[in-house]
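Protein chains in written order, with our numbering: chain C, 4 to 259; chain B, 4 to 259. Ideal Cβ placement from N, Cα and C applies to all residues, glycine included.
Structure representation (structure tokens):
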């Protein structure tokens with residue numbers, strides 16, 4: 004809704020910007036659309052770069068290297084902070100998203116946001132651990148099911164190692180699985196059986212490129228199917244079925 | 004979806020039924036549609052009788068005394084339990100709803116369900132305290148805003164007393180406010196300011212008697228308005244905006 008005006012980096016400062024971060028977009032105040040903070044007012048900072056190539060990615064502008072190179076601003080943590088609203092006026096939750104923000108060194112940004120009174124949530128697929136992840140307030144790990152094309156043995160091993168590390172660091176994550184079909188649901192059952200103590204959110208996926216009405220029709224049909232299937236599924240009885248509320252409210256537009 | 008077959012009470016057992024409870028419907032397995040357990044597989048037990056008469060009540064079959072008298076079954080706690088599925092097959096969450104279940108003595112039922120391994124959630128408007136409320140796993144209090152016609156000084160005093168009692172008993176509730184309009188939102192701001200430590204869910208209300216398409220259109224428009232308003236509202240920055248997910252999945256049909 005309120006996409007804040009992009010910050011323009013001053014020319015000729017590249018040498019001083021070794022710690023600068025590739026920012027695709029900063030938007031908000033808006034409302035988190037899915038997962039454990041669904042419905043909560045928040046700002047989003049979307050970083051460029053991803054180690055996955057999910058077939059249904061809804062943020063390719065933060066993934067495709069050519070697009071990222073052409074469009075990402077290089078911002079210091081303080082510059083990112085300066086683009087968020089004054090704390091007394093708006094949300095106090097900042098969601099760091101991507102791409103995969105865990106490819107970057109965001110510890111300095113997390114500490115800065117904490118010092119200013121913000122809570123920090125991170126969304127990552129759980130492929131690469133970074134020590135700063137143990138310091139955020141909410142670590143949302145969204146493993147990718149078969150329909151993404153990324154559910155390989157290698158990625159399951161990376162996820163297992165990531166989640167073990169998170170537990171060792173005393174930073175239990177919340178799992179969020181995007182569900183397009185029965186194969187994704189079977190993947191979610193594997194998550195539920197393998198990490199029974201972690202909260203598991205199931206979120207209906209949205210196909211890319213559909214018109215507004217068809218997107219809505221598909222989302223509602225998928226939600227109904229998912230509710231009716233999970234209600235009867237003992238393995239998933241502690242999962243929570245949800246949908247992409249931002250798509251319900253605003254469709255598939257960017258920056259909301 | 005799967006409305007379990009109603010239990011038929013044997014005739015001539017009325018004298019032994021002094022502890023029997025007026026049950027309007029038992030349904031499930033389904034998925035909780037709103038509030039802190041939104042999306043979680045659950046059974047619902049809806050009890051008859053209510054001390055409120057909200058203009059937008061979506062469960063008048065559990066409120067109108069004539070309908071309740073004519074349709075409620077009188078069931079013992081063990082009979083209610085017997086209508087829920089075998090624990091190994093389905094949800095382990097039972098939601099006690101109404102009407103206002105806090106008008107009844109449900110302590111024996113709560114203990115029975117706990118002994119059998121169920122979690123118990125209760126939904127009440129917070130008008131009358133009962134000691135058994137301190138023993139449930141999730142106490143969801145849904146105070147009624149101005150659009151309900153029930154936002155009087157008297158009811159605010161009852162709510163204040165109820166929430167104080169819950170806190171004294173070490174049973175902090177979760178607040179869920181149904182929002183139809185700006186006046187309801189102002190009421191929600193009062194809740195947020197008065198009980199800043201309680202989690203506050205905001206759930207879009209659904210008008211009664213609309214057709215399926217109009218219900219959906221209204222719900223989505225209200226959700227968008229609510230998201231855009233709350234995102235910019237400092238008082239509500241810790242609230243969580245949601246909708247009635249069961250209406251999205253199944254429309255306004257009963258028993259889902």
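In or out: residue i buried (at least 16 other Cβ within 10 Å) or exposed?
i: residue 75(B); result: buried
i: residue 103(B); result: buried
i: residue 150(B); result: buried
i: residue 45(C); result: buried
i: residue 94(C); result: buried
i: residue 31(B); result: buried
i: residue 197(C); result: exposed
i: residue 157(C); result: exposed
i: residue 160(C); result: exposed
i: residue 35(C); result: buried
i: residue 206(B); result: buried
i: residue 72(B); result: exposed
i: residue 220(B); result: exposed
i: residue 243(C); result: buried
Does residue i have its Cβ less than 9 Å from a Cβ in chain B?
i: residue 242(C); result: yes
i: residue 4(C); result: Unreliable positioning characterises residue 4(C) in this predicted model, as indicated by a pLDDT of 39, which lies under 50. The coordinate reading is nonetheless provided below. Yes, contact with chain B.
i: residue 181(C); result: no
i: residue 257(C); result: no
i: residue 239(C); result: yes
i: residue 7(C); result: Model confidence at residue 7(C) stands at a pLDDT of 39, short of 50, so the residue's coordinates are unreliable; what they give is reported in the following sentence. For residue 7(C), the answer is no, since every Cβ of chain B falls outside 9 Å of its Cβ.
i: residue 236(C); result: yes
i: residue 248(C); result: yes
Within 9 Å of any Cβ in chain C, is that where the Cβ of residue i sits?
i: residue 190(B); result: no
i: residue 86(B); result: no
i: residue 175(B); result: no
i: residue 253(B); result: yes
i: residue 197(B); result: no
i: residue 245(B); result: yes
i: residue 93(B); result: yes
i: residue 98(B); result: no
i: residue 49(B); result: no
i: residue 230(B); result: yes
i: residue 178(B); result: no
Does the separation of the CB atoms of residue i and residue j fall below 9 Å?
i: residue 265(B); j: residue 137(B); result: Missing from the structure shown is residue 265(B); chain B here goes from 4 to 259 and no further.
i: residue 245(C); j: residue 41(C); result: yes
i: residue 223(C); j: residue 106(B); result: no
i: residue 208(B); j: residue 183(B); result: yes
i: residue 140(C); j: residue 119(C); result: no
i: residue 113(B); j: residue 99(B); result: yes
i: residue 56(C); j: residue 66(C); result: yes
i: residue 33(B); j: residue 195(C); result: no
i: residue 188(C); j: residue 127(C); result: no
i: residue 129(B); j: residue 50(B); result: no
i: residue 27(B); j: residue 62(B); result: yes
i: residue 43(B); j: residue 241(C); result: yes
Using only alpha-carbon positions, find the residue among the options that is nearest to residue i.
i: residue 201(B); options: 191(B), 210(B), 106(B); result: 191(B)
i: residue 59(C); options: 157(C), 133(C), 147(C); result: 147(C)
i: residue 132(B); options: 179(B), 114(B), 108(B), 153(B); result: 108(B)
i: residue 204(C); options: 218(C), 143(C), 84(C), 157(C); result: 143(C)
i: residue 215(C); options: 234(C), 195(C), 186(C), 256(C); result: 256(C)
i: residue 24(C); options: 110(C), 199(C), 88(C), 69(C); result: 110(C)
i: residue 37(C); options: 218(C), 187(C), 180(C); result: 180(C)
i: residue 69(B); options: 53(B), 61(B), 84(B), 83(B); result: 53(B)
i: residue 176(B); options: 90(B), 145(B), 219(B), 226(B); result: 145(B)
i: residue 88(C); options: 236(B), 51(B), 220(B), 258(B); result: 236(B)
i: residue 199(C); options: 29(C), 185(C), 210(C), 178(C); result: 178(C)
i: residue 79(B); options: 220(B), 48(B), 230(B), 217(B); result: 48(B)
i: residue 82(C); options: 91(C), 64(C), 92(C), 116(C); result: 116(C)
i: residue 248(C); options: 227(B), 238(B), 218(B), 258(B); result: 227(B)
i: residue 135(C); options: 169(C), 258(C), 154(C); result: 169(C)
i: residue 193(B); options: 221(B), 163(B), 217(B); result: 163(B)
i: residue 186(B); options: 153(B), 165(B), 90(B), 171(B); result: 153(B)
i: residue 1(C); options: 39(B), 167(B), 90(B), 85(B); result: As shown, chain C starts at 4 and ends at 259. That puts residue 1(C) outside it, with no answer to give.
Task: Interface residues of the region 113-147 of chain C facing chain B [CB-CB below 9 Å] - done: For the region 113-147 of chain C, which is checked against every Cβ of chain B, not one residue is closer than 9 Å.
TODO: Could you please tell me which residues of the region 199-227 of chain B, in chain order, have their CB closer than 7 Å to any CB of chain C?
DONE: Result list: 223, 226, 227.
Open item on the list: Residues of the region 63-90 of chain C in Cβ contact with chain B at a cutoff of 7 Å, in chain order, please.
Closed with: Identification of residues in the region 63-90 of chain C having a C-beta nearer than 7 Å to some C-beta of chain B yields an empty set.
Task: Short-range partners of chain B found in the region 22-44 of chain C, where Cβ spacing is below 8 Å - done: In summary, the residues of the region 22-44 of chain C whose CB is separated from some CB of chain B by less than 8 Å are 31, 32, 33, 34, 40, 41, 42, 43, 44, in the order they occur in the chain.
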